[in-house]
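Residue numbers (this note's numbering): 17 to 94.
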């Protein structure tokens, strides 16, 4: 069975969303993405709600990541 599933897609969505929220050069992007992969918080966004949303999507343990339905129902999306 493949290790890739919808939970890995959610993690990738979180990384893409972080990239869309902030203009950053390649070096900064690598640093930020590596921090998320290590489950380290990033201080790149001013909005706490956006940081919390991205953190939720990029949980290191895939069992703690939301489903697509949960993402759509999240208050951040309203």
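Even for Gly, the Cβ is constructed at its ideal location relative to N, Cα and C.
In the DSSP assignment, residue 50 falls within the unbroken alpha helix (DSSP H) covering 42-53.
A residue is called buried once 16 or more other Cβ atoms fall within 10 Å of its Cβ, and residue 73 is buried on that count.
If you ignore the 5 residues before and after residue 82, its C-beta comes within less than 8 Å of the C-beta of 26, 72, 73 and 90, all in its own chain and listed in chain order. Ranked by how close their Cα comes to the Cα of residue 44, the residues 30, 55 and 59 have 59 in first place. About 4 Å separates the Cβ atoms of residue 76 and residue 55, confirming a contact at the 8 Å cut-off.
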